[in-house]
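Peer 1:
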Amino acid sequence: GGAEPLPTAWSLSSAWPNPFNSTSRLRVRVPVASRVKVRVFNIEGRVVATLFDGVMLPGGNVVGFEGNALSSGVYIVRLESGPVYLARKVVLLK
């Protein structure tokens, strides 16, 4: 098996597992090395966690979401990089 080809577009996978109890993951694919911020927002639009804030290398990157400090509910995981904004809904059930 050869190496996975580099992505040509940005993507943010659905979270797995979802709903989740304590830990969930999302796959971020970036076409070029970029400064990326992945944050979690509650349903009121407030930032409740920052999952990643730094330079992400091209290819597939997995970001973990630890929900232990949060209460059950719906959250939005949002990736931001320059003009790129991608979001996914996750459900935390305790």
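Position one of the sequence shown corresponds to residue 35 (this note's numbering), numbered consecutively onward.
All C-beta atoms, glycine included, are put in the ideal place defined by N, C-alpha and C.
Less than 8 Å separating the beta-carbons of leucine 104 and leucine 113?
Peer 2: no
Peer 1: Output the residue ranges of the beta strand (DSSP E) runs that lie fully inside the stretch 57 to 127 and measure 3 residues or longer, sorted by chain position.
Peer 2: 57 to 64, 68 to 75, 81 to 90, 93 to 100, 107 to 115 and 118 to 126
Peer 1: So, arginine 73 versus leucine 60, is the Cβ gap smaller than 8 Å?
Peer 2: The answer is no: Cβ separation not under 8 Å.
Peer 1: Closest to serine 47 by CA distance: which of Ser115, Ile77, Val64 and Ser56 is it?
Peer 2: It is Val64.
Peer 1: Let me know the secondary structure DSSP gives tryptophan 44 once reduced to three states.
Peer 2: Three-state result, tryptophan 44: coil.
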